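Q:
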Amino acid sequence: MQSKQGHSYLLSHKSSKSECIKKTVNHLNYSIPCINCDSLIPTVDVDKHTQLCQANTPPHSSQSKDLTAMEETDIKLKKLRQSIVIQSKTETNTHNKKYLIRAEELCTQILKLQNSDDKEYRKILDISEEIKMITESYKGVLLVQLFLERLHSLALVKQKNMRSLNSEKFQLINNLQKRNIQDIDKQSFNFLINKEELTNAKQRLGYQAQTSNNYLRQNEIFRKTQITKFSRENQKQTVCELKSEILTKMSSSQCEEEVQGGEDVQNSNNYQRLFYSKCLNLKAQLSNIDPAQKVPLCVLFKEVLSRRIPITQWNQFILSAFDKPSQYLELQKQNIFNQASAFQNSAKQFAINSNFKERLRNLKII
């Protein structure tokens, strides 16, 4: 009788133990997100799904070539958010449900970030840091840990995408600015070249007209004539005419020199304006704390005039000067020091002269 009771106890104990194992197995039968297709797969069907997923490519992967990196990340985030919502509805543990709800909220916040400005970039940094803290602090079931790890990795990917978009945008703006500066320099250079060609053509035409007039005048003067009374009178008249022509030519040459001098001044002003515009355009590309911002442009322009640097080499000269601004800053300090010392010397001389005049006046009074 006792052996039968013991046998029935063992059977009941085994049955309760098997039921407990089944319950734990059912409790641990969670769904796992697939990395390839971003779908939730039950743990029982993992092997079967792996074979099917590797054999058949998902339909959206063929279209992923036309999508940007930001759009692909958003698609993965939407699928992950949908899986988190489904799991949070069926979750009975309040501790796990709290983490799932917070993960779903953070996923929604990440999906709302679509711009690449500094404000949203700082926000994605804060969200990534919060997800990292939640992932490290959570100690629970494997599925919730997988959700948090997946969300953290996608947040880092979106952070990287936003940083790359921001850098591409900045690079595009810099390229547009450089292109505009090059167009302005090219237009200014073409304008100066056309003006120089026009002045050279005018000078050639004036020289040809002057040589032809001189040739005709020499033929008129040196032709063979008989020396008679009338020819002497004509010769006197021609001499007087030559004198008057020489005087008019001298006056006209003076006027031409004055006009040429005015054109030279105008050309120098145009050169100075073009040189200053090039310097300012190149300074705009530097940072505000760069020492080259303090280089005086007048000193650079004087050096260009003294060394007779052509227009085609101005950009190279300005860049080399901005790379080594110390020599021009020291030259400016030396000029200021020389001016200050000259002013002090003049002030001392003025004081000496005033004292001498005062003494002389006192002597006259005495």
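Mapping of the sequence shown onto this note's numbering: residues -4 to 361, in sequence order. Note that beta-carbon positions come from the ideal geometry of N, C-alpha and C, so glycine has one too. Predicted model, so just to flag it, every value in this text is computed and none were measured.
1. Using three-state DSSP, classify proline 291 as helix, strand or coil.
2. Exposed or buried, lysine 155, counting other C-beta atoms within 10 Å across all chains shown (16 or more means buried)?
3. Between leucine 72 and leucine 106, how many whole angstroms is the CB-CB distance? I'm expecting something under 8 angstroms.
4. The alpha helix (DSSP H) that contains tyrosine 133, what's its start and end?
5. Within 10 Å of its beta-carbon, does glutamate 258 have 16 or more other beta-carbons around it, so buried, or fewer, so exposed?
6. Is it the case that the region 156 to 165 contacts the region 78 to 94, given that we only count it when at least three CB pairs across the two stretches are under 8 angstroms?
7. Quick one: Cα of serine 123 to Cα of glutamate 131, how far?
8. Lysine 319 CB to nearest chain D CB: under 8 angstroms?
9. In whole angstroms, what is the alpha-carbon distance linking isoleucine 36 and leucine 120?
10. Go ahead and label threonine 63 buried or exposed: buried means 16 or more other beta carbons lie within 10 angstroms of its beta carbon, across all protein chains shown.
11. By alpha-carbon positions, which one of Leu146, Leu137 and Phe184 ends up nearest to lysine 273?
12. Within 10 angstroms of the Cβ of alanine 196, are there 16 or more other Cβ atoms? Answer buried if so, exposed if not.
13. Could you tell me which of Ala150, Val294, Glu298 and Pro305 sits nearest to cysteine 364, measuring between CA atoms?
14. Going by other Cβ atoms of all chains shown within 10 Å of its Cβ, with 16 needed for buried, is phenylalanine 270 buried or exposed?
15. With DSSP as the reference, label serine 59 as helix, strand or coil.
16. Less than 8 angstroms between the CB atoms is what I'm expecting for glutamine 267 and lysine 278, so what's the real figure, rounded?
17. In three-state DSSP terms, what is isoleucine 27?
18. Assign glutamine 322 to buried or exposed, taking buried as 16 or more other Cβ atoms, counted over all protein chains shown, within 10 Å of its Cβ.
19. So the alpha helix (DSSP H) threonine 106 belongs to, where does it begin and stop?
A: Inspection of the coordinates gives the following:
1. coil
2. exposed
3. 6 angstroms
4. Taken as a continuous stretch (DSSP letters only), tyrosine 133 belongs to no alpha helix (DSSP H), as it is neither H nor E.
5. Any answer about glutamate 258 is weak, because its pLDDT of 48 lies below 50 and its placement is not dependable; what the coordinates show is given next. Looking at its Cβ environment, which holds fewer than 16 other Cβ atoms inside 10 Å, glutamate 258 is exposed.
6. no
7. 12 angstroms
8. No chain D is present in this structure, which holds just one protein chain.
9. 31 angstroms
10. exposed
11. Phe184
12. exposed
13. Residue 364 cannot be examined here, being either before or after the span of the chain that is shown, -4 to 361.
14. buried
15. At serine 59 the pLDDT is 48, less than 50, meaning the model places this residue with poor confidence; the figure from the coordinates comes in the next sentence. DSSP places serine 59 in helix when its eight states are reduced to three.
16. Their Cβ separation, rounded to whole angstroms, is 16 angstroms, which puts glutamine 267 and lysine 278 out of contact at 8 angstroms.
17. strand
18. exposed
19. For the record, residue 106 in the displayed sequence is leucine; it is not threonine. Where leucine 106 is concerned, the enclosing alpha helix (DSSP H) stretches over 89 to 107.
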